[in-house]
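Read in our numbering, the sequence shown has 9 at position 8, and its numbers run on one by one without any break.
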Amino acid sequence: MISAPRHRPSTARRLGIGVLLSALCALFVSIPTAAFAHDELIGSSPADGEVVDTAPASIDLRFSSNPLEG
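What follows is the structure, given as structure tokens:
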């Protein structure tokens, strides 16, 4: 019994697929993402967008968690 020869992708095609996968991996790694390790600002006084006539004596910022020391 004679079997059909197995077809292997050409070297150029395998190289092209490798380059494409490498480029996709590099693109995925280089896209900046939000830093999930940081707390979120949940409020402030004066409020965001509030217009004041004079500079406030103090500014109050409220975060989703207490800031770390250091």
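Ideal placement from N, C-alpha and C gives every residue a C-beta, glycine not left out.
Limits of the unbroken beta strand (DSSP E) element including residue i
{"i": "residue 44", "result": "42 to 46"}
Three-state class that DSSP yields for residue i in the structure shown
{"i": "residue 15", "result": "helix"}
{"i": "residue 62", "result": "strand"}
{"i": "residue 1", "result": "Given that the chain is displayed from residue 2 to residue 71, the structure contains no residue 1 and the question cannot be resolved."}
{"i": "residue 28", "result": "helix"}
Sequence-distant residues of the same chain with beta carbon closer than 6 Å to residue i, five excluded per side
{"i": "residue 45", "result": "62"}
Check whether residue i and residue j have beta carbons under 7 Å apart
{"i": "residue 66", "j": "residue 40", "result": "yes"}
Whole-Å CB distance - residue i paired with residue j, under 8 Å assumed
{"i": "residue 47", "j": "residue 57", "result": "6 Å"}
C-beta neighbour in chain D for residue i, strict 7 Å
{"i": "residue 54", "result": "As a matter of chain content, chain D is missing from the structure shown, which is built from one protein chain."}
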